[in-house]
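Per the numbering used here, residue 2 is the first one in the sequence shown, and the count goes up by one each step.
The beta-carbon is built from N, C-alpha and C at its ideal position, and this holds for glycine as well.
Everything numeric in this text was worked out from a predicted model, so none of it was measured.
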Amino acid sequence: MRSLIATMSVATLISSLATAADWPQWRGPTRDEKSAEIGLNKAFGTKAPPVAWKFAKAGIGYSGPSIASGKVYLVGGTAKDKDSDKHQDEAICLDEKSGKELWRVAIGGEYVDNGSDKNWGGGPRANPTVTVDGHVYFLGIRGDVYCLKADDGKLVWTKNYTKDFGGKLMSGWGFSESPLVDGDSIICTPGGAKGTIVALDRKTGATKWQSAELKDDAAYSSIVRAKLAGVEQYVTLTGKAVAGVAVDTGKLLWRYDCGDKYKVAVIPTAVIAGPDSVYATAGYGAGCDLIKITGDASGLKAEKVFANKDVVNHHGGVIFKDGFIYGHSDTKGWVCQDLKDGSLKWEWKRGGFEKGAVTYADGALFCYGENSGDLVVLEATTEGPKQIGSLKLPERTKLLRKSGKAWAHPVIANGKLYLRDQDLLYCFDLSSK
Numbered sequence: 002m003r004s005l006i007a008t009m010s011v012a013t014l015i016s017s018l019a020t021a022a023d024w025p026q027w028r029g030p031t032r033d034e035k036s037a038e039i040g041l042n043k044a045f046g047t048k049a050p051p052v053a054w055k056f057a058k059a060g061i062g063y064s065g066p067s068i069a070s071g072k073v074y075l076v077g078g079t080a081k082d083k084d085s086d087k088h089q090d091e092a093i094c095l096d097e098k099s100g101k102e103l104w105r106v107a108i109g110g111e112y113v114d115n116g117s118d119k120n121w122g123g124g125p126r127a128n129p130t131v132t133v134d135g136h137v138y139f140l141g142i143r144g145d146v147y148c149l150k151a152d153d154g155k156l157v158w159t160k161n162y163t164k165d166f167g168g169k170l171m172s173g174w175g176f177s178e179s180p181l182v183d184g185d186s187i188i189c190t191p192g193g194a195k196g197t198i199v200a201l202d203r204k205t206g207a208t209k210w211q212s213a214e215l216k217d218d219a220a221y222s223s224i225v226r227a228k229l230a231g232v233e234q235y236v237t238l239t240g241k242a243v244a245g246v247a248v249d250t251g252k253l254l255w256r257y258d259c260g261d262k263y264k265v266a267v268i269p270t271a272v273i274a275g276p277d278s279v280y281a282t283a284g285y286g287a288g289c290d291l292i293k294i295t296g297d298a299s300g301l302k303a304e305k306v307f308a309n310k311d312v313v314n315h316h317g318g319v320i321f322k323d324g325f326i327y328g329h330s331d332t333k334g335w336v337c338q339d340l341k342d343g344s345l346k347w348e349w350k351r352g353g354f355e356k357g358a359v360t361y362a363d364g365a366l367f368c369y370g371e372n373s374g375d376l377v378v379l380e381a382t383t384e385g386p387k388q389i390g391s392l393k394l395p396e397r398t399k400l401l402r403k404s405g406k407a408w409a410h411p412v413i414a415n416g417k418l419y420l421r422d423q424d425l426l427y428c429f430d431l432s433s434k
């Protein structure tokens, strides 16, 4: 019941987004990486579901697709030639049924790869956000946020995180959050001394407020809306802390400092784990924290329930379901963690199956390996890991990168499974058995 209440609160955001079967933004309709679909062909063993279509011109980057109103939106970086260090981010729209490209628009100016881009790969990292009234929002690697018309890609407005909001990242891997649409606002986290979080009028780009009390450098994590201890708020991970701010003013409501353990890169999105709880995890040895929010509208306080390093999630995200966390830990492999005390119910390495990103649908965990590009499907149960399906991508990307991997998260929408490997976007049909 407690998790249901939290889910219902987050679900109020969907009014500005698309239908429940769509996947209109980062981590799905309610930003919890869970699809509401049932009856999927998930237990397919080693017989991979059919490929509905493949799109081979997505460009470089780690942005996942967003699906809404019969269209697929994604963003990628292109180069003038294969040896060039110069790239241009582009917003792309495809037909959902066929994968046919409908339009493509350049966003932001041409940029030159820095050292991080050359090692880990350039290109955008953020998923588009699509609204029911025909707008789509994109964020480029250099902090250019664009509002375009969803049907033809025409520009509505644009802002730049650094130029317009004094934005500053905690380290040098490029702006990576996926902006949050909430009613008539779009909520962004540029970071920096002017304020970590900014709320814009989503139709004009005009600034509504910037968080004067929260001034941390931005992390790579995306913001969520939640009702905690009875108070509506935006929750995010920064370069130093986990924090909640008021939805109407950006006033700091509570802060949970994480000290030096958040010193490299904080990437996963905060998980709302009930009506008064926030779960946060990050890589580079940071570990995980369960935070309890107490108080009321007159004042809130953040208290540690537990903190350990059994779950050290780099950037593949975790799933909260029925009091348990599922995902990959750099220290343990794939795990199930009990939030009552932080202990592990099970851990699984499947003969070396590498870390990756996870999405939940129809009682199953769809785990996308970042090195091999293999997908493994596990039953989402506390009883232990039970593999019910696996597939290999028919073809891997040939784009060169030294350290970059398949980091886009799996997406499930309208009976289809989407897997991106740089320039290649696969659409698998999970509707037939």
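What does a CB cutoff of less than 7 Å around residue i pick up in its chain, not counting 5 residues either side in sequence?
{"i": "ASP145", "result": "ILE108, GLY109, THR159, ASN161"}
{"i": "ASP422", "result": "GLY374, LEU394, ARG397, THR398, ALA407"}
{"i": "THR163", "result": "GLY144"}
{"i": "VAL157", "result": "HIS136, CYS148, LEU149, LYS150"}
{"i": "LYS417", "result": "ALA53, CYS428, PHE429, ASP430, LEU431"}
{"i": "GLY154", "result": "ALA92, CYS94, TRP104, VAL106"}
Can you name, in chain order, every residue of its own chain whose Cβ lies under 6 Å from the Cβ of residue i, other than the five neighbours on each side?
{"i": "VAL73", "result": "PRO66, LEU95, GLU97"}
{"i": "LYS393", "result": "ASP375"}
{"i": "VAL113", "result": "ASP86, LYS87"}
{"i": "GLY343", "result": "PHE307, ASN309"}
{"i": "HIS214", "result": "Checking the displayed sequence, the identity of residue 214 turns out to be Glu instead of His. Same-chain partners within the cutoff: LEU253."}
{"i": "TRP210", "result": "ALA200, THR250, GLY251"}
{"i": "ALA69", "result": "ALA19, ASP23, PRO25, VAL131"}
Is the beta carbon of residue i sitting closer than 7 Å to the one on residue j?
{"i": "GLY357", "j": "GLU371", "result": "yes"}
{"i": "VAL236", "j": "ARG203", "result": "no"}
{"i": "GLY1", "j": "TRP54", "result": "Because the chain spans 2 through 434 in this model, residue 1 falls outside it and cannot be assessed."}
{"i": "SER172", "j": "ALA266", "result": "yes"}
{"i": "GLY168", "j": "GLY141", "result": "no"}
{"i": "GLY251", "j": "SER212", "result": "yes"}
{"i": "LYS256", "j": "ALA244", "result": "Sequence inspection shows Arg at residue 256; the Lys mentioned does not correspond to that position. Their beta carbons are under 7 Å apart, which means ARG256 touches ALA244 by this criterion."}
{"i": "GLY328", "j": "VAL359", "result": "yes"}
{"i": "ALA220", "j": "LEU238", "result": "yes"}
{"i": "ARG32", "j": "VAL272", "result": "no"}
{"i": "LYS241", "j": "ASP277", "result": "no"}
Considering only DSSP beta bridges, list what residue i is partnered with.
{"i": "SER186", "result": "ASP183, ASP202"}
{"i": "HIS136", "result": "LYS150"}
{"i": "SER330", "result": "GLY334"}
{"i": "ASP261", "result": "Paired residues: none, contrary to the question."}
{"i": "SER278", "result": "LYS293"}
{"i": "GLY284", "result": "Paired residue(s): none; GLY284 is not in a bridge."}
{"i": "TRP210", "result": "ALA200"}
{"i": "LEU268", "result": "The sequence shown places Ile at residue 268, rather than the Leu named in the question. Partner(s): none; ILE268 has no beta bridge."}
{"i": "THR130", "result": "TYR138"}
{"i": "ARG421", "result": "LEU426"}
{"i": "SER67", "result": "TYR74"}
May I have the straight-line CA-CA distance separating residue i from residue j, to the nearest angstrom?
{"i": "SER36", "j": "PHE166", "result": "34 Å"}
{"i": "LYS262", "j": "PRO51", "result": "43 Å"}
{"i": "LEU14", "j": "LYS228", "result": "Confidence is the limiting factor: at LEU14 the pLDDT is only 48, short of 50, which leaves the residue's position unreliable and the question unanswerable from this model."}
{"i": "GLU304", "j": "LEU366", "result": "30 Å"}
{"i": "TYR196", "j": "ASP290", "result": "Note on residue identity: the sequence assigns Gly, not Tyr, to residue 196. If I take the Cα positions, the gap works out to 24 Å."}
{"i": "GLY400", "j": "ALA308", "result": "Reading off the sequence, residue 400 comes out as Leu, not Gly. Taking the straight line joining both Cα atoms gives about 39 Å."}
{"i": "ALA281", "j": "ILE294", "result": "13 Å"}
{"i": "LYS350", "j": "CYS368", "result": "12 Å"}
{"i": "PHE354", "j": "ILE93", "result": "32 Å"}
{"i": "VAL133", "j": "ILE188", "result": "17 Å"}
{"i": "GLN89", "j": "GLU111", "result": "5 Å"}
{"i": "SER186", "j": "GLY390", "result": "40 Å"}
{"i": "GLU384", "j": "LEU345", "result": "11 Å"}
{"i": "PHE139", "j": "LYS264", "result": "27 Å"}
{"i": "LYS302", "j": "CYS259", "result": "15 Å"}
{"i": "VAL377", "j": "ALA194", "result": "43 Å"}
{"i": "PRO411", "j": "PHE56", "result": "15 Å"}
{"i": "CYS337", "j": "LEU170", "result": "31 Å"}
{"i": "THR332", "j": "GLN388", "result": "21 Å"}
Below 8 Å on the Cβ atoms is my guess for residue i versus residue j; work out the distance and round it to an integer in Å.
{"i": "GLY318", "j": "THR382", "result": "No, GLY318 and THR382 are not in contact; Cβ-Cβ is about 19 Å, not under 8 Å."}
{"i": "ASP363", "j": "LYS43", "result": "6 Å"}
{"i": "ALA284", "j": "VAL312", "result": "It should be noted that the sequence gives Gly, not Ala, for residue 284. Rounded, the Cβ-Cβ distance is 10 Å, inconsistent with contact."}
{"i": "TYR63", "j": "TRP408", "result": "4 Å"}
{"i": "THR205", "j": "ILE198", "result": "Contact doesn't hold; Cβ gap of about 19 Å is too wide."}
{"i": "LEU201", "j": "PRO129", "result": "Contact doesn't hold; Cβ gap of about 16 Å is too wide."}
{"i": "LEU425", "j": "ALA59", "result": "7 Å"}
{"i": "GLU178", "j": "ALA127", "result": "6 Å"}
{"i": "ASP339", "j": "PHE325", "result": "6 Å"}
{"i": "SER330", "j": "ILE268", "result": "At roughly 14 Å, the Cβ-Cβ gap does not stay under 8 Å, so SER330 and ILE268 are not in contact."}
{"i": "ILE413", "j": "GLU102", "result": "Contact flag wrong, Cβ pair sits at about 22 Å."}
{"i": "TYR419", "j": "GLU34", "result": "Not a contact, Cβ separation roughly 13 Å."}
Under 8 Å Cβ to Cβ from residue i, same chain only, skipping five residues before and after it: list those, please.
{"i": "ASP297", "result": "ALA230, GLY231, VAL232"}
{"i": "GLU91", "result": "GLY60, VAL76, GLY77, GLY78, THR79, ARG105, VAL106, ALA107, ILE108"}
{"i": "LYS341", "result": "GLY324"}
With hydrogens ignored, establish whether the beta-carbon of residue i is closer than 6 Å to any heavy atom of the ligand SAM.
{"i": "LEU254", "result": "As for the ligand SAM, it is missing from this structure, which has no ligand bound."}
Using 7 Å as the limit for Cβ to Cβ distance, is residue i near chain B?
{"i": "GLN211", "result": "Judged by its chain identifiers, the structure shown contains no chain B, having just a single protein chain."}
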